[in-house]
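In the working numbering, the protein residues as written are 98 to 268.
Glycine included, each C-beta is placed from N, C-alpha and C at the ideal position.
Structure, as structure tokens:
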């Protein structure tokens, strides 16, 4: 009877040694294994992000309001469309200049009453929001193209997206 008891204990110890100890040793040598990515699927995902037509319409409306504010000379309203955290980046780039001046210079893409028409807004989605190309016709000039990054912000419940702009550039 004692012999069977010792055999069972020896068998459990041997089983434990065979199954557990190699895993502990290999885990420390390998670290956390990184799964191999499927490059075809990743390339496909980068090309196509889901298009939400309601969001795209909201972004287009926000861009139209932004451009109308500039055209009407309401620069304060146009400034309110700039993403709040991005304003700190603008302030850091132009140290020593008053904040109001920095923001007004940033959003003044054209003079008031100079906008003739918005010819088209091309929107492509990216991971954080939308990348927008805006073609406008200004009086006395040829067509201008602006590039705008639109990012959403939501309230605490995740309801009611508000679109803000960052990285507005003239192309």
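- Distance between residue 186 and residue 120, taken at the CA atoms: about 49 Å.
- The beta carbon of residue 166 sits closer than 6 Å to those of 174 and 175, all from its chain and outside the five residues before and after it, given in chain order.
- Within 10 angstroms of the beta-carbon of residue 180 lie 16 or more other beta-carbons, which makes it buried.
- Membership of residue 205 in any alpha helix (DSSP H) is not indicated, and neither H nor E is assigned to it by DSSP.
- In the DSSP annotation of this structure, the continuous segment of the beta strand (DSSP E) that includes residue 250 starts and ends at 240-250.
- Going by beta carbons, residue 215 and residue 232 fall inside the 9 Å limit.
- Taking C-alpha positions only, residue 100 is separated from residue 113 by approximately 20 Å.
- Assignment of residue 176 by DSSP, reduced to helix, strand and coil, places it in the helix class.
- About 7 Å separates the CB atoms of residue 267 and residue 206; that is less than 8 Å, so the two are in contact.
- Residue environment for residue 108: exposed (fewer than 16 other C-beta atoms within 10 angstroms of its C-beta).
- Around the beta carbon of residue 105, fewer than 16 other beta carbons sit within 10 angstroms, so the residue counts as exposed.
- Around the CB of residue 118, fewer than 16 other CB atoms lie within 10 Å, so the residue is classed as exposed.
- Closest in alpha carbon position to residue 155, among 263, 248 and 202, is 248.
- A Cβ-Cβ distance of about 7 Å is found for the pair residue 160 and residue 245, placing them in contact under the 8 Å criterion.
- Apart from the 5 residues on each side of it in sequence, residue 264 sits with its Cβ closer than 6 Å to the Cβ of 246 in its chain, given in chain order.
- The Cβ neighbour count for residue 116, taken over all protein chains shown within 10 Å, is under 16; the residue is labelled exposed.
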